[in-house]
Amino acid sequence: MPVSVACVNGSFDEAVAALTDYRRRTRRPNADNVACPVIFNDFMNCLSGNPATKTLMPLIDAAAEAGCEYFVIDAGWYDDGWWWDTVGEWLPAKTRFPNGITEPLDRIRQRGMVPGLWLELEVMGVKCPLAAQWPDECFFMRHGKRVIDNGRYQLDFRHPRVLQHADEVLARLVEEYGVGYVKMDYNINAGPGTEVAADSFGDGLLQHNRAYLAWLDRIFARYPDLIIENCGSGGLRMNHALLSRCSIQSSSDQGDRRKYASIAAGCLAAVTPEQCAVWSYPQRDGDEEETIFNMVNSLLMRIHQSGHLAELSPERLALVREGIACYKTYREKLPHAHPFWPLGLPSLRDGWVTCGLELGDEALLAVWRIHDAADTLEIPLARCPLPVRQAELLYPKQYPVDFTLAPDGRTLAVQLPQQCTARLFRLTAKT
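Using the numbering used here, you'd call the opening residue of the sequence shown number 16 and step up by one each time.
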């Protein structure tokens, strides 16, 4: 089992910077981690696994107007009813898409975006027709029985039929539907492994894992422009074996934006900024500050935009558009950025959360007031890798807050007048 260790004569932040550089050097080269396109996904606090042509069309238009560049149709596109234990064939549902799934996919392309679809290719529902046709050797087995978790079987990627099936599904999505993005999910726990052709359960699990990674390598060689997101119930399986191959990693499916701030900030210790996807999902009944908070959650990493954008007020939609436009002014620096935490790594109990990114000649600093009684925070800037001589509010421009940079550049005092608010600042060494 390979292990990587970062040794530095310095701080925790410097150790994370060394690990961040290592992760980049050992990762599959790909255009996605250079361009960092903005992705809309219809799942979180939006369609929630219930997509259909009639609900997708206004979302597609709104996402394009907001500045998104990819549009991913998430779970549910393959079944008209309850789909959890029937997944496995990955064919479009006819009732959801009466004119075929190509209709919304074509609309996505017409609006200048690249279409994507959700898959959970490593599992098969117990009620999937294929499950009764395939031999037991295609699935994880223990004590002579197929392993079942939450209504699904775990497929064994060592078996030729499983590999053929996986190849055919990807070929259909990419070559027939024109999909350029696959959200690859994983929502079960298959346990300690399989006994098939193995010395132990763990041996079978290790062989399967290596076979799945080898299959991923072949898919990327076959479709070099395809983006595959690594997602496991939001942010599970965040391991380097998958991070070294998949260009984007889901950070969480946390539905509460207030908790997501700490999760997003902490994720940068485990994932490079240009790989870490963070949801921004303004709610139908939210306000301007709620929209700003959501956007700030995602602005240091990869934007996974969601929410019912077509139903937002013009003022709130303008804040989404401003946030995405702001992101595009510095995203080319993300592949070289290093994180730092002025207050240390965050926890879900923190009243204030801060996280920064050093971008060479400047730094970004996200500040969140979650639930603290005090409306002003003095942020120490000793951990910022560059000498700070100037600070400015970067996002949002039209909702200013009071802030003061100390003359020696060692602290930034930020006032956020109400709880559950956030802002993004730019720090520079210029005088």
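Even for Gly, the Cβ is constructed at its ideal location relative to N, Cα and C. Values in this document were obtained by computation on a predicted structure and should not be read as measured data.
Looking at Val286 and Met253, is the spacing between their C-beta atoms short of 8 Å? Within the sequence shown, residue 253 is the residue found at index 238, counting from 1. Within the sequence shown, residue 286 is the residue found at index 271, counting from 1. Their beta carbons are under 8 Å apart, which means Met253 touches Val286 by this criterion.
Note the first and the last residue of the continuous beta strand (DSSP E) segment covering Lys69. By one-based count along the sequence shown, residue 69 stands at place 54. Careful: Lys69 lies outside any beta strand (DSSP E), inside the alpha helix (DSSP H) at 68 to 81.
Own chain, CB closer than 6 Å to Cys246, minus 5 neighbours either side, in chain order: Translated into the one-based positions of the sequence shown, residue 246 becomes position 231. Contacts found: Lys198, Asp200, Ser265.
Just how far apart, CA to CA, sit Val211 and Glu183? As a first step, residue 211 is located in the sequence shown; it is residue number 196 there, counting from the start. As a first step, residue 183 is located in the sequence shown; it is residue number 168 there, counting from the start. The alpha-carbon atoms of Val211 and Glu183 are separated by roughly 24 Å.
Could you please give the first and the last residue of the uninterrupted beta strand (DSSP E) stretch that includes Val382? The residue given as residue 382 occupies position 367 in the sequence shown. Per DSSP, Val382 belongs to the beta strand (DSSP E) from 377 to 384.
Are the CB atoms of Ala444 and Leu401 nearer to each other than 8 Å? If you number the sequence shown from 1, residue 444 lands on position 429. If you number the sequence shown from 1, residue 401 lands on position 386. Cβ distance < 8 Å, so Ala444 and Leu401 count as in contact.
On the three-state DSSP scale, how would you describe Lys274? Sequence index remark: in the sequence shown, residue 274 carries index 259 (1-based). It is helical.
Cβ neighbours of Ile203 in the same chain (closer than 8 Å, five flanking residues each side left out): The residue given as residue 203 occupies position 188 in the sequence shown. Around Ile203: Val138, Asp164, Asn165, Arg167, Gln169.
What number of angstroms, rounded off, separates the C-alpha of Ile263 from the C-alpha of Arg42? Position 248 of the sequence shown holds residue 263. Position 27 of the sequence shown holds residue 42. Ile263 and Arg42: Cα-Cα distance of roughly 11 Å.
Please confirm whether Ser321 and Phe55 have their CB atoms less than 8 Å apart. Along the sequence shown, one-based indexing puts residue 321 at 306. Along the sequence shown, one-based indexing puts residue 55 at 40. Yes. Within cutoff.
Kindly indicate which three-state DSSP category Ala95 falls into: helix, strand or coil? By 1-based counting over the sequence shown, the position of residue 95 is 80. With the sequence shown as reference, residue 95 is identified as Asp, and Ala is not the correct amino acid for it. Asp95: coil per DSSP, three-state reduction.
Under the three-state DSSP convention, the category Asp164 falls into: Translated into positions along the sequence shown, residue 164 becomes position 149. Three-state DSSP puts Asp164 in a strand.
Would you call the CB atoms of Ile88 and Leu71 closer than 8 Å? Numbered from its first residue, the sequence shown carries residue 88 at position 73. Numbered from its first residue, the sequence shown carries residue 71 at position 56. Going by C-beta atoms, Ile88 is nearer than 8 Å to Leu71.
Cβ of Pro354 within 8 Å of Cβ of Cys370? On the sequence shown, position 339 is the one that residue 354 refers to. On the sequence shown, position 355 is the one that residue 370 refers to. Yes, these two residues count as a Cβ contact at 8 Å.
Is Thr110 buried or exposed, if buried means 16 or more other CB atoms sit within 10 Å of its CB? Along the sequence shown, one-based indexing puts residue 110 at 95. It counts as exposed.
For Phe440, write down the residues that DSSP places opposite it in a beta bridge. Position 425 of the sequence shown, counting from 1, holds the residue named residue 440. Answer by DSSP bridge pairing, in chain order: Leu380, Leu408.
Rounded straight-line distance, which links the Cα of Pro415 to that of Gln405: Numbered from its first residue, the sequence shown carries residue 405 at position 390. Numbered from its first residue, the sequence shown carries residue 415 at position 400. Gln405 and Pro415: Cα-Cα distance of roughly 16 Å.
According to DSSP, what are the bridge partners of Cys370? For the purposes of this step, residue 370 is identified with residue 355 of the sequence shown, where counting begins at 1. Ala381, per the DSSP bridge assignment.
Could you tell me the boundaries of the beta strand (DSSP E) in which Trp133 lies? In the sequence shown, counting from the first residue as 1, residue 133 sits at position 118. First-last of the beta strand (DSSP E) with Trp133: 129 to 134.
May I have the straight-line CA-CA distance separating Tyr37 from Ala21, to the nearest angstrom? For the purposes of this step, residue 37 is taken as the residue at position 22 of the sequence shown. For the purposes of this step, residue 21 is taken as the residue at position 6 of the sequence shown. Looking at the two C-alpha atoms, the distance is approximately 9 Å.
Taking the beta carbon of Asp171 as the centre, do at least 16 other beta carbons fall within 10 Å, making it buried, or is it exposed? For the purposes of this step, residue 171 is taken as residue 156 along the sequence shown, with counting starting at 1. Its Cβ being crowded by 16 or more others within 10 Å, Asp171 is buried.
Applying the 10 Å Cβ sphere with the 16-neighbour rule, what's the burial state of Gly140? Counting from one through the sequence shown, the residue named residue 140 turns up at place 125. Result: buried.
Between the C-alpha atoms of Asn65 and Gly250, what's the straight-line distance to the nearest angstrom? On the sequence shown, position 50 is the one that residue 65 refers to. On the sequence shown, position 235 is the one that residue 250 refers to. Going from the Cα of Asn65 to the Cα of Gly250 covers about 21 Å.
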